[in-house]
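*Asks:*
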Amino acid sequence: MSLADVTLETVLSLAGPMIAAAGFVSGVWYRMESKVESVRKEGAAAVHVVQKELSEFKLKVAEEYASWETVKSIETRLTERMDSLSENVMRMPDLIVDRIFKMVNMSAGK
């Protein structure tokens, strides 16, 4: 056996396990990469669904809920009306007393 035969024989004996190891590593890598890709696709789909739901919720809020200006306008009108009612209620005892005096005066006049 010559030195070239020994070297070629050594290289060939090491090449088999190295090729097997490289195949194993690339197989594991491919399998992990496919799992990562499927998780990315699921994540992208989930994000798309959430974005769609958020857009629908924003539209619903815009359609159904009052704006701040509307709320302030309603509050102003209610406050004015309550003040008016409060004034009327506060005048009631005086009006009742006046009516009683008128009724007493009318009955005394008979």
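Just so you know, the sequence shown maps onto residues 42 to 151 in the numbering used here. Glycine included, every Cβ here is placed at the ideal spot set by N, Cα and C. Owing to the predicted nature of the structure, the values given are computational and were not obtained by experimental measurement.
1) What is the DSSP secondary structure of S108, reduced to helix, strand or coil?
2) Rounded to whole angstroms, what is the Cα-Cα separation between G68 and S96?
3) Determine the direct distance from the alpha carbon of S127 to that of F142, and round the result to whole angstroms.
4) What does the alpha-carbon distance come out to for the pair L55 and L49?
*Replies:* According to the structure data:
1) The residue labelled residue 108 in the question sits at position 67 within the sequence shown. DSSP places S108 in coil when its eight states are reduced to three.
2) As a first step, residue 68 must be located in the sequence shown, where it is residue number 27. As a first step, residue 96 must be located in the sequence shown, where it is residue number 55. About 42 angstroms.
3) Position 101 of the sequence shown, counting from 1, holds the residue named residue 142. Position 86 of the sequence shown, counting from 1, holds the residue named residue 127. So the alpha carbons of these two residues sit roughly 24 angstroms apart.
4) The sequence position of residue 55 within the sequence shown is 14, counting from 1. The sequence position of residue 49 within the sequence shown is 8, counting from 1. Approximately 10 angstroms between the Cα atoms of the pair.
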